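A short worksheet on the structure shown next.
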Amino acid sequence: KQEVTQIPAALSVPEGENLVLNCSFTDSAIYNLQWFRQDPGKGLTSLLLIQSSQREQTSGRLNASLDKSSGRSTLYIAASQPGDSATYLCAVRRNSGNTPLVFGKGTRLSVIA
Amino acid sequence: GAVVSQHPSWVICKSGTSVKIECRSLDFQATTMFWYRQFPKQSLMLMATSNEGSKATYEQGVEKDKFLINHASLTLSTLTVTSAHPEDSSFYICSARDFNGDGEKLFFGSGTQLSVL
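From first to last, the protein sequence lines are chains D and U.
Residues in the first sequence are numbered consecutively from 63, following the numbering used here.
Residues in the second sequence are numbered consecutively from 2, following the numbering used here.
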């Protein structure tokens, strides 16, 4: 059974810092990996999706990498802003079709102005 | 990207009543939808997989008679929490599968916060 772990569980940084969030998964046979942002009491915002054949994806100040063989992914946030404060969730999917995403518990990020 | 509409966004009900949550794919047909539950400060846990026109597949530990799922059309799946109790208070969120020429992706609704008094 796939298990997804995110470290750290919580992180507080001053505005302007670059930071890295970590995600690991136990079964490297994945279809894709996705990073989400969740604000308190809200739904999910998809940030980046990496297919199993890809090594990284970039969007603005965000960069996600994938090392499938070692079961790891990182989300890099450059020049953090208070508006980046949220919970960041990593999720993996084993196959397409009727296969759901399996989520980690998330990293709660606070960016202090 | 594709849009998934989930309604209501929040609901408060008395213990023993039933609550229906709707999940609609607005601009695509979703043969498969997934229902998740999230308790405070926990991650999203899959409850069931819903396929259009067939019975839902429930995860271990999820009572199928308590959490009724109906996926009668390609754009609508509903989750009914029957005889709700305070321990059912949680954040429920649906996800719909969209397959097009660019490949396959999962899109999420905005979630429903259920509070049972």
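Glycine included, C-beta positions come from ideal geometry on N, C-alpha and C.
Given the structure is predicted, the values throughout are model-derived calculations rather than measurements.
message: Restricting to Cα atoms, I'd like to know which of D:R134, D:F98, D:L110 and D:L111 is closest to U:S44.
response: Here the closest residue by C-alpha is D:F98.
field: Beta-bridge pairing of D:Y93 - partner residues as DSSP gives them
entry: In the DSSP output, where bridge partners are listed per residue, D:Y93 has none listed.
- prompt: Count the other CB atoms within 10 Å of the CB of U:T18; is the residue buried (16 or more) or exposed (fewer)?
  reply: exposed
message: Run through chain D and tell me which residues come within less than 9 Å of U:N52, C-beta to C-beta.
response: The contact set of U:N52 on chain D, defined by CB atoms closer than 9 Å, consists of N160 in chain order.
- prompt: For U:H72, which of U:E23, U:F40 and U:K15 has the nearest alpha-carbon?
  reply: U:E23
query: Which residues of chain U have a Cβ atom closer than 8 Å to the Cβ of D:K31, listed in chain order?
result: Chain D is shown only over 63 to 175; residue 31 of chain D falls outside these bounds and no answer can be derived.
DSSP-derived helix/strand/coil call for U:E105: strand
field: Test: U:F108 CB closer than 9 Å to a CB of chain D
entry: yes
field: Through-space distance from D:Q113 to D:S131, alpha-carbon basis
entry: 13 Å
query: At least one CB of chain D closer than 9 Å to the CB of U:F35: is that the case?
result: yes
message: Output needed for U:L27: all residues of its chain with C-beta closer than 8 Å, excluding positions within five of it in sequence on either side, in chain order.
response: A3, V4, V5, S6 and T76
Assigned exposure category for D:I174 - 16 Cβ within 10 Å defines buried: exposed
query: Given D:P144, which residues of its chain have a CB within under 8 Å of its CB, disregarding the five upstream and five downstream residues?
result: E77, V173, I174 and A175
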